[in-house]
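Note sheet for the following structure.
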Amino acid sequence: MAENTGTGWTGGQNAFGDFAPGLVHYTDKILFDEVWERPDLSKRDRSLATVSALLAMGNIDQLNFHLPFARDNGVTEQELIETITHLAFYTGWPKAMSAMTVAKNAFTTEEN
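Numbering-wise (the UniProt record's numbering), the sequence shown opens with residue 1 and increments by one.
As structure tokens, then:
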């Protein structure tokens with residue numbers, strides 16, 4: 001998971017380093033250091049919105065980061081499970097089932 005060391009996020013750097021410096025900059029410095037720090041929406045609410053958007057778009061791989069990140073931002077595992085269940089009716093069962101698989105793996109792996 002990305003770490004916020006107070007000087008910026010390291011997730012993009014860890015993933016892509018010098019291979020894609022522009023993407024690293026926009027991810028670490030703009031998205032996480034600026035957008036996620038804006039005061040008008042809590043990190044908890046940003047996480048719920050992000051998880052919902054990723055699920056709706058079918059970007060399930062990104063949930064490997066964002067589900068634990070949402071929990072770190074104050075969203076409970078039960079709230080995330082309920083969000084995925086609720087979204088099944090709006091986004092389709094395959095997307096919700098795929099997202100629930102990621103959630104189950106993320107949450108049960110961290111418990112063991």
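All C-beta atoms in this analysis are idealised placements derived from N, C-alpha and C, irrespective of residue type, glycine included.
Collapsing the DSSP output to three states places residue 73 in coil. Closest by C-alpha distance to residue 54, out of 24, 44, 43, 66, is 66. Taking 8 Å as the cut-off, the Cβ atoms of residue 49 and residue 91 do not count as close.
Annotation for residue 13: the continuous alpha helix (DSSP H) segment containing it runs 11-16.
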